[in-house]
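So the structure is just underneath, and the comments pick up after that.
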Amino acid sequence: MSVMQAALITGANRLELQEFPYPTPEAGGVVVEIGYCGICGTDVHAYRSGRPYPPAVCGHEWVGVVAAVSRGIHRLSEGDRVVVAVPPACRNCDHCRQGRQDQCR
């Protein structure tokens, strides 16, 4: 595979499917082929307003399969199923204390 596609927010209410060179993993990294991606409120806001940044790749909540692994990576292998990790909740902020750890500040 020589190219990949991504949906980019290019302005208010504008979404474009663009092609990019297929990446190779940097030192200490991996390449993940995204299988499914969630679109959250941040993406919707950026799409509707065109802010804070055009262009922007949609979706930061995803699952996929490891496609390539750089040297020195031993905990992951090609073919492993992975999901993006949300940082751990602090359990101290107002959101955490109200049971909304997904909105931790």
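Per this note's numbering, the very first residue in the sequence shown carries number 1189; after that it's consecutive.
Each residue gets a CB set at the ideal place from its N, CA and C atoms; glycine is no exception.
Query: Please return the same chain residues whose Cβ sits closer than 8 Å to the Cβ of residue 1237, not counting the five positions on each side in sequence.; Result: 1200
Query: Within its chain, find whatever has a CB closer than 8 Å to the CB of residue 1278; leave out the 5 residues flanking it on each side and keep chain order.; Result: 1284, 1292, 1293
Query: Can you name, in chain order, every residue of its own chain whose Cβ lies under 8 Å from the Cβ of residue 1268, other than the five neighbours on each side?; Result: 1253, 1254
Query: Determine the DSSP secondary structure at residue 1235, reduced to helix, strand or coil.; Result: helix
Query: Contact between the stretch 1260–1267 and the stretch 1210–1229: three or more CB pairs below 8 Å?; Result: yes
Query: Give the range of the beta strand (DSSP E) segment to which residue 1225 is assigned.; Result: 1218–1226
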